[in-house]
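Protein sequence lines, in the order shown, are assigned to chains A and B. Each residue of the first sequence is one higher than the one before, starting from 3 at the first, in my numbering. Each residue of the second sequence is one higher than the one before, starting from 243 at the first, in my numbering. No residue lacks a Cβ here, since even glycine has one placed at the ideal position from N, Cα and C. Report on the following structure.
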Amino acid sequence: MRFGVVRFPGSNCEQDVVIACRYLGIDVDYVWHGDTDLAGFDAVVLPGGFSYGDYIRCGAVARFSPVMAEVIRFAERGGPVLGICNGFQILCEAHMLPGAMLRNRGLKFICETVPLRVEPSVCGWVGVPSGTVLRIPINHNEGNFTVDPETLSRLEAGGQVVLRYCEPDGTRAPGGSAPNGALDDIAGICNESGNIFGLMPHPERVVDPEANGTDGQSFFTSVVERMAGV
Amino acid sequence: MARYEIFVTYKKGIFDPPGATAARALDSLGYTEIESVKIGKYIRLEVADGPDEITRVREMCDKLLANPVIEDYRIVEAEGAVSAG
C-alpha cells in the first residue's frame with residue numbers, strides 16, 4: 003500500500019501529508035504535477051496549499067496539470083483519491099466532486115481547530131462511526147462550499163455528505179455551525195462510489211499525539227485497512 | 243487582432259460575500275439607497291484573428307475563466323483593439 007502525494011506549484015501541505023503517512027507507517031512518496039504516470043501508487047492525495055497562486059479561482063489552474071488526467075483515470079478505476087483543502091477545491095474544479103467554493107462568509111482567512119461531525123456516508127476514507135465528533139484544524143479563505151439544491155438533495159440521499167461543521171457537542175446551531183458559511187455546514191463530501199473524498203479540514207495535522215492530537219489518523223489508516231481487507 | 247472584455251459574476255442565487263460586505267459598508271456610510279452590490283471579475287483578452295474566434299473565447303470562459311457551477315460571464319467585443327504594451 004503506497005500513497006502518492008501530488009506536488010503542484012504552490013502546494014504547501016504536501017510535506018505534512020508525507021510526514022503524517024510515515025508516522026502512521028504508510029509507504030508514501032511525492033508525485034510531481036507534471037508526471038503522467040501513477041503506476042505503483044494505491045492511493046492519491048491532493049494536498050493543501052495555494053496551487054498556482056490561487057489565480058483565477060482556487061484549483062482552477064491545477065485542474066489542468068498533466069497529472070490530473072491520470073488522477074481522473076485512477077479514480078475512475080476505483081482508486082482512492084483524497085483532496086485536502088486546496089486539494090478539495092481542485093477536485094471540485096475538475097468536476098470529480100460537485101459544487102464549488104466561495105469566499106468565507108466573513109471575508110476572513112480562518113485558521114482554527116473546529117469540531118466536525120462524521121455523517122453516515124458511503125465514503126471509503128472514513129474509519130470512525132457516524133456521529134463521532136472530531137477536532138481538526140481548518141486553514142482557508144475559500145471554504146464556503148456551495149452547490150445547487152438538486153445536487154445537494156442527491157448528495158444527502160446518496161450518503162455523500164461525509165463531514166459537517168458542528169458545535170462541540172455534535173449538534174448543529176440553528177443559524178449554521180460552519181465558521182466559513184458553508185451550505186448546510188458541509189465540510190467534506192465524496193463521490194457516489196465513495197472513493198473520491200474532499201474535505202476542507204487538515205487531518206494530516208492531527209495524527210501525532212504529541213502534536214495536536216490524533217483525530218485525523220483514521221482518514222489515512224482506514225484506506226490502508228480496507229485495501230488490506232482488515 | 244480582436245479584443246474581448248469578459249465580465250464574470252456570480253450566478254443569481256449564489257451568495258457573494260464581498261458584495262454583501264460592500265453593501266453593508268455603503269449602507270453604514272449613509273448610502274441607504276443601496277439595495278445590493280455584486281462584485282465580479284474583469285478579464286481582457288487580446289486574440290489573434292482566426293476562424294471560430296468567438297466560439298473559442300466562449301470555450302476559454304467555460305473551461306477556465308469562469309466556473310459554470312457558480313458563475314455567469316458576459317463577453318463584450320471591444321472596439322479599437324490595439325497591440326499589447
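Residues that residue i bridges to, as DSSP identifies them
{"i": "Val33 of chain A", "result": "A:Val8"}
{"i": "Pro117 of chain A", "result": "A:Arg137"}
{"i": "Ala244 of chain B", "result": "B:Val289"}
{"i": "Lys283 of chain B", "result": "B:Val250"}
{"i": "Leu201 of chain A", "result": "A:Ile86, A:Gly190"}
Whole-angstrom C-beta distance between residue j and residue i, which should lie under 8 Å
{"i": "Arg137 of chain A", "j": "Arg166 of chain A", "result": "Not really, about 14 Å apart at Cβ, beyond 8 Å."}
{"i": "Asp44 of chain A", "j": "Met3 of chain A", "result": "5 Å"}
{"i": "Gly172 of chain A", "j": "Val135 of chain A", "result": "4 Å"}
{"i": "Ile285 of chain B", "j": "Ile312 of chain B", "result": "About 16 Å; that fails the 8 Å criterion."}
Residue i, DSSP secondary structure in three states
{"i": "Ser13 of chain A", "result": "strand"}
{"i": "Gly42 of chain A", "result": "coil"}
{"i": "Gly327 of chain B", "result": "Note that Gly327 of chain B has pLDDT 37, beneath the 50 cutoff, so the model's placement of it is unreliable and no number is given."}
{"i": "Gly261 of chain B", "result": "helix"}
{"i": "Asp210 of chain A", "result": "strand"}
{"i": "Met103 of chain A", "result": "strand"}
{"i": "Glu169 of chain A", "result": "coil"}
{"i": "Asp314 of chain B", "result": "strand"}
{"i": "Phe222 of chain A", "result": "helix"}
{"i": "Glu321 of chain B", "result": "coil"}
{"i": "Ile21 of chain A", "result": "helix"}
{"i": "Leu185 of chain A", "result": "helix"}
{"i": "Leu26 of chain A", "result": "coil"}
{"i": "Val299 of chain B", "result": "helix"}
Option in the options with minimal Cα separation from residue i
{"i": "Gly12 of chain A", "options": "A:Tyr54, A:Arg75, A:Asn146, A:His35", "result": "A:Tyr54"}
{"i": "Asp187 of chain A", "options": "A:Glu158, A:Phe221, A:Asn193", "result": "A:Glu158"}
{"i": "Ile86 of chain A", "options": "A:Pro49, A:Pro100, A:Val33, A:Gly80", "result": "A:Pro49"}
{"i": "Gly231 of chain A", "options": "A:Val46, A:Gly42, A:Gly126, A:Pro203", "result": "A:Gly126"}
{"i": "Asn106 of chain A", "options": "B:Cys303, B:Arg286, B:Pro260, B:Glu319", "result": "B:Pro260"}
{"i": "Pro181 of chain A", "options": "A:Val83, A:Pro82, A:Leu104, A:Ile58", "result": "A:Leu104"}
{"i": "Glu144 of chain A", "options": "A:Tyr25, A:Thr38, A:Gly27, A:Cys60", "result": "A:Cys60"}
{"i": "Gly190 of chain A", "options": "A:Gln91, A:Glu16, A:Val69", "result": "A:Gln91"}
Review point. If you scan the region 135-160 of chain A from start to end, which runs of the beta strand (DSSP E) of 3 or more residues do you find wholly inside it?
Key: The qualifying runs are 135-142, 146-148.
Practice item. Any chance you could list the beta strand (DSSP E) runs of at least 3 consecutive residues sitting entirely within the region 46-93 of chain A, in chain order? Key: Here the runs fully enclosed are 83-86.
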